[in-house]
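Visitor: In terms of full-length UniProt numbering, the sequence shown has 87 at position 87, counting the first letter as 1, and numbering is strictly consecutive.
Backbone N, C-alpha and C define an ideal beta-carbon position, used for all residues, glycine too.
Predicted, not measured: the structure shown is a model, and the values here were computed from it.
Sharing a structure with you now.
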Amino acid sequence: MAEVSRLGKILIVDDQYGIRILLNEIFQKEGYQTFQAANGVQALSIVQKESPDLVILDMKIPGMDGLEILRRVKKLDASIQVIIMTAYGELDMIHEAIKLGAITHFAKPFDIDEIRAAVRKELPINAG
């Protein structure tokens with residue numbers, strides 16, 4: 001059996017179905033293994049089962065908010081990289097998330113190429 005090259009696992013956490021599907025499709029095409037969660041409970045369950053390398057996390061999620069999810073992800077595994085997504089103007093949330101260990105943030109509506117570049121920086125696509 002040929003060894004399947006594994007680029008890395010990405011968990012996409014957003015309560016908006018359209019955004020999850022879009023990001024999922026983009027990163028699957030790039031060759032990453034992707035998981036999706038619509039809320040904090042699902043997200044933490046996937047983190048425990050699958051140990052993703054990177055989490056793309058929306059800050060505005062009903063129930064457990066993004067900061068709480070971020071705190072708990074880092075508690076489960078501090079090595080997991082987290083990229084956050086926010087609406088414009090949520091500076092307090094962004095500062096708090098960076099303090100908690102998020103590596104970068106994107107404002108919605110985000111630029112697909114920018115988010116793809118940020119993910120590639122964290123989980124490089126090895127040529128060959």
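(1) Nearest to Val73 by alpha carbon, out of Gln28, Gly89, Ile56 and Glu122?
(2) Assuming Asp53 is part of the alpha helix (DSSP H), what are its boundary residues?
(3) Using C-beta distances below 8 Å, list every residue in its chain close to Leu54, excluding the 5 sequence neighbours before and after it, in chain order.
(4) Give the secondary structure of Met85 by DSSP, where H, G and I count as helix, E and B as strand, and everything else as coil.
(5) For Ile125, which option in Ile21, Tyr17 and Phe27 has the closest C-alpha, if you only look at C-alpha atoms?
(6) Using three-state DSSP, classify Ile21 as helix, strand or coil.
(7) Under the DSSP definition of a beta bridge, which residues are partnered with His95?
(8) Return the first residue and the last residue of the beta strand (DSSP E) that Leu123 is part of.
(9) Using the C-alpha atoms, what's the distance from Phe106 back to Glu114?
(10) In the DSSP output, what is Val13 paired with across the bridge?
(11) Is the distance from the Cβ of Met64 to the Cβ of Asn39 below 9 Å?
Guide: So, from the data block:
(1) As a position in the sequence shown, residue 73 is number 73, starting the count at 1. Looking at the Cα atoms, Ile56 is the closest of the given residues.
(2) Walking along the sequence shown from the start, residue 53 turns up at place 53. No alpha helix (DSSP H) holds Asp53; DSSP gives it neither H nor E.
(3) Indexing the sequence shown from 1 puts residue 54 at position 54. Only Gly8, Lys9, Ile10, Leu11, Ile80, Gln81, Val82, Ile83, Val119, Glu122 and Leu123 meet the Cβ criterion.
(4) For the purposes of this step, residue 85 is identified with residue 85 of the sequence shown, where counting begins at 1. Strand, per DSSP.
(5) Taking the sequence shown and counting its residues from 1, the one referred to as residue 125 is at position 125. Nearest of Ile21, Tyr17 and Phe27 to Ile125, Cα basis: Phe27.
(6) Here residue 21 corresponds to residue number 21 of the sequence shown, with the count starting at 1. If DSSP states are grouped into helix, strand and coil, Ile21 belongs with the helices.
(7) On the sequence shown, residue 95 is found 95 positions in, with the first residue counted as 1. According to DSSP, which records beta bridges pairwise, His95 is partnered with nothing at all.
(8) The residue you call residue 123 lines up with position 123 of the sequence shown. Segment: none, Leu123 is in no beta strand (DSSP E) and carries neither H nor E.
(9) Here residue 114 refers to the residue found at position 114 when the sequence shown is read from its first residue. Here residue 106 refers to the residue found at position 106 when the sequence shown is read from its first residue. Taking the straight line joining both Cα atoms gives about 9 Å.
(10) Residue 13 sits at position 13 when you count from the first residue of the sequence shown. DSSP, once it has assigned bridges, lists Ala37 and Leu57 as partnering Val13.
(11) Locating residue 64 in the sequence shown gives position 64, counting from the first residue. Locating residue 39 in the sequence shown gives position 39, counting from the first residue. For Met64 and Asn39, yes; Cβs fall inside 9 Å.
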